[in-house]
Amino acid sequence: MSEPTEQQTQAAGGIGPFAALLQIEELDKNLFRGWCHAGAPMRAFGGQVAAQALTAAGRTIDRGRAVHSLHSYFLRPGDPTRPIDYEVDRVRDGMSYATRRVTALQSGQAIFTLSASFKHPEPAESRQRTMPAVPAPEDLPDPFLVWERADPEDYARADGFRTLQMRFIPPDAPGLPAAVPGVPQQFVWLRAGTPLPPDDQLLQVCALTYLSDLTLASTATLHLQPHRFQRTEPPEVILASLDHAMWFHRPFRADEWLLFAQRSPSASDGRGLAHGEFYSRDGMLVASAVQEALVRDRRGLR
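Counting in my numbering, the sequence shown runs from 2 upward without gaps.
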């Protein structure tokens with residue numbers, strides 16, 4: 002196997018522009034290749050795999066259509082030391098809507114599948130849930146500083162994540178919706194850490210796809226442990242994404258602060274479900290996400 006180029010190495014996890022994490026190479030008309038950094042030891046970060054797969058799908062769509070939804074399944078752990086090939090199936094090109102199916106492959110095996118739908122914009126009445134009144138990101142501490150102090154080796158390995166910014170809102174902060182028994186919730190500000198081209202909406206959407214996988218699954222385990230970036234103790238559970246779905250409602254900038262309001266209504270049978278909504282700083286609901294994750298108690302495996 003040939004060694005990755007400097008650009009591919011940067012996309013696989015080097016500290017650099019956030020957009021480099023989404024870059025893929027076109028090998029053929031419907032075939033692309035990318036590199037993904039690790040999310041867990043020796044496992045490619047699922048949000049980056051999904052974002053690159055969506056990038057591949059979008060590269061086969063005319064510029065007049067924007068992605069409005071994606072549905073995906075994580076089938077096998079990806080190897081962050083090897084490239085990932087993305088095969089695009091042009092399922093349908095209708096008058097208004099177009100559909101693409103993407104299969105991510107390593108060593109000839111499917112590790113991830115994604116279906117995405119694109120459409121032409123159209124005028125329509127608009128309504129949305131009201132954004133909760135929460136503290137501004139500027140008033141909140143940087144969780145990466147806590148992570149670096151608690152586990153400097155893990156922090157040093159996760160250089161791909163340091164191209165983004167996030168702020169966790171304390172659960173007792175004023176303005177948060179009242180907690181419902183049996184429904185853990187968390188609210189996080191997120192954004193790409195470096196500017197993205199403002200006129201490239203596909204890149205903005207793919208960036209948000211990456212960001213959406215950072216904290217959503219962990220919402221389903223908040224009754225057991227804090228998020229990785231806030232934890233000072235070893236993990237109590239094995240956590241892995243099983244599927245991921247998103248709906249994009251309105252245009253946005255992923256390099257500007259977005260509030261990710263997340264709740265988990267159920268955990269059972271070794272699985273946890275979490276819902277999330279993204280709001281821009283001016284209160285617009287721009288996207289929604291749902292994810293089911295594998296949740297297993299580590300203590301039962303010892």
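All C-beta atoms in this analysis are idealised placements derived from N, C-alpha and C, irrespective of residue type, glycine included.
What's the gap between the Cα of Glu139 and the Cα of Ala208? On the sequence shown, residue 139 is found 138 positions in, with the first residue counted as 1. On the sequence shown, residue 208 is found 207 positions in, with the first residue counted as 1. For Glu139 and Ala208, the distance between alpha carbons rounds to 21 Å.
Which first and last residues belong to the alpha helix (DSSP H) in which Gly35 is found? Along the sequence shown, read from residue 1 onward, the residue named residue 35 stands at position 34. From DSSP, Gly35 is part of no alpha helix (DSSP H) but of the beta strand (DSSP E) over 32-35.
Could you tell me which uninterrupted alpha helix (DSSP H) segments, each at least 4 residues in length, are contained entirely in the region 38-80, listed from first to last along the chain? 47-59
State the beta-bridge partners of Tyr156 as determined by DSSP. Position 155 of the sequence shown, counted from the start, is the residue given in the question as residue 156. Tyr156 pairs with nothing; no bridge assigned.
The beta strand (DSSP E) spanning Trp248 covers which residue range? Mapped onto the sequence shown, residue 248 falls at position 247. Trp248 -> beta strand (DSSP E) spans 238-249.
Spatial neighbours of Val291 in its chain, beta-carbon cut-off 6 Å, leaving aside the 5 residues before and after: Residue 291 sits at position 290 when you count from the first residue of the sequence shown. So the list reads Ala246, His276, once near-sequence residues are dropped.
Tell me the DSSP secondary structure of Gln107 in three-state form. Position 106 of the sequence shown, counted from the start, is the residue given in the question as residue 107. Looking at Gln107 - three-state DSSP - the assignment turns out to be strand.
May I ask you to report which of helix, strand or coil DSSP gives Pro133? Looking up residue 133 in the sequence shown gives position 132. Of the three classes helix, strand and coil, the one that applies to Pro133 here is coil, per DSSP.
When DSSP labels each residue in this structure, what does Pro138 get in the three-state scheme? For the purposes of this step, residue 138 is identified with residue 137 of the sequence shown, where counting begins at 1. Here Pro138 sits in helix by DSSP.
My output table needs one value for Trp258: the three-state DSSP class, helix, strand or coil. In the sequence shown, counting from the first residue as 1, residue 258 sits at position 257. If DSSP states are grouped into helix, strand and coil, Trp258 belongs with coil.
For Ala52 and Pro136, I'd like the C-alpha separation in whole angstroms. Locating residue 52 in the sequence shown gives position 51, counting from the first residue. Locating residue 136 in the sequence shown gives position 135, counting from the first residue. Going from the Cα of Ala52 to the Cα of Pro136 covers about 29 Å.
Give the single residue among Phe119, Thr114, Ile112 whose Cα lies nearest to the Cα of Ser97. What you label residue 97 is simply residue 96 of the sequence shown in a count that begins at 1. With distances taken between Cα atoms, Ser97 lies closest to Phe119.
Any idea if Thr131 is buried or exposed, counting beta-carbon neighbours within 10 angstroms, 16 or more meaning buried? Walking along the sequence shown from the start, residue 131 turns up at place 130. So Thr131 ends up on the exposed side.
Tell me the rounded alpha-carbon separation between Ala179 and Trp190. Translated into the one-based positions of the sequence shown, residue 179 becomes position 178. Translated into the one-based positions of the sequence shown, residue 190 becomes position 189. Taking the straight line joining both Cα atoms gives about 19 Å.
Buried/exposed call for Ser265, threshold 16 Cβ in 10 Å: Counted from its first residue, the sequence shown places residue 265 at position 264. Buried, by the Cβ-count rule.
Output needed for Gln129: all residues of its chain with C-beta closer than 6 Å, excluding positions within five of it in sequence on either side, in chain order. Reading the sequence shown from its first residue, position 128 is the one you call residue 129. Leu286, listed in sequence order.
Keeping to the same chain, check which residues put their C-beta closer than 6 Å to that of Pro78; ignore five residues upstream and five downstream. Residue numbering aside, residue 78 sits at position 77 when the sequence shown is read from its first letter. Answer for Pro78: Arg44, listed in chain order.
What separation, rounded to the nearest whole angstrom, lies between the Cα atoms of Ala268 and Glu237? Your numbering for residue 268 matches position 267 in the sequence shown. Your numbering for residue 237 matches position 236 in the sequence shown. In a straight line, the C-alpha of Ala268 is about 15 Å away from that of Glu237.
Which of helix, strand or coil DSSP assigns to Gly161: Position 160 of the sequence shown, counting from 1, holds the residue named residue 161. Helix.
Name the residue from His121, Glu27, Tyr87, Lys30 whose alpha carbon lies nearest to the alpha carbon of Asp70. For the purposes of this step, residue 70 is taken as the residue at position 69 of the sequence shown. With the sequence shown as reference, residue 70 is identified as Ser, and Asp is not the correct amino acid for it. Comparing Cα positions, the closest option is His121.
For His276, write down the residues that DSSP places opposite it in a beta bridge. Residue mapping note: residue 276 aligns to position 275 of the sequence shown, counting from 1. Arg264, Val291, per the DSSP bridge assignment.
Leaving out the 5 sequence neighbours to the left and right, which residues in its chain are closer than 7 Å to Ser50 when beta-carbon positions are compared? Translated into positions along the sequence shown, residue 50 becomes position 49. For the sequence presented, residue 50 should be read as Val rather than Ser. Closer than 7 Å at the Cβ level, and outside the excluded window around Val50, lie Cys37, Gly79, Ile85, Ala105, Phe113.
Quick check on Gly161: buried or exposed, where buried means 16 or more other Cβ atoms within 10 Å of its Cβ? For the purposes of this step, residue 161 is identified with residue 160 of the sequence shown, where counting begins at 1. It counts as buried.
For Pro196, collect the residues of the same chain with a Cβ closer than 7 Å to its Cβ; drop the 5 residues on either side in sequence, then sort them by chain order. The residue you call residue 196 lines up with position 195 of the sequence shown. Closer than 7 Å at the Cβ level, and outside the excluded window around Pro196, lie Asp256.
Should Pro185 go down as buried or exposed, given a rule of 16 or more other Cβ atoms within 10 Å for buried? The sequence position of residue 185 within the sequence shown is 184, counting from 1. Buried, since its Cβ has 16 or more Cβ neighbours within 10 Å.
Residues near Gln205 by beta carbon distance below 7 Å, same chain, minus five either side: Taking the first residue of the sequence shown as position 1, residue 205 is located at position 204. Result list for Gln205: Leu197, Phe253, Arg254, Ala255, in chain order.
For Gly194 and Ala39, the rounded distance between their alpha carbons: As a first step, residue 39 must be located in the sequence shown, where it is residue number 38. As a first step, residue 194 must be located in the sequence shown, where it is residue number 193. About 18 Å.
CA nearest to the CA of Gln166, picked from Phe33, Arg64, Ala174, Pro144: As a working mapping, residue 166 is identified with position 165 in the sequence shown. Measuring from the Cα of Gln166, the nearest candidate turns out to be Pro144.
Strand pairing of Asp29, partner residues [DSSP]: Locating residue 29 in the sequence shown gives position 28, counting from the first residue. Asp29 pairs with Leu32.
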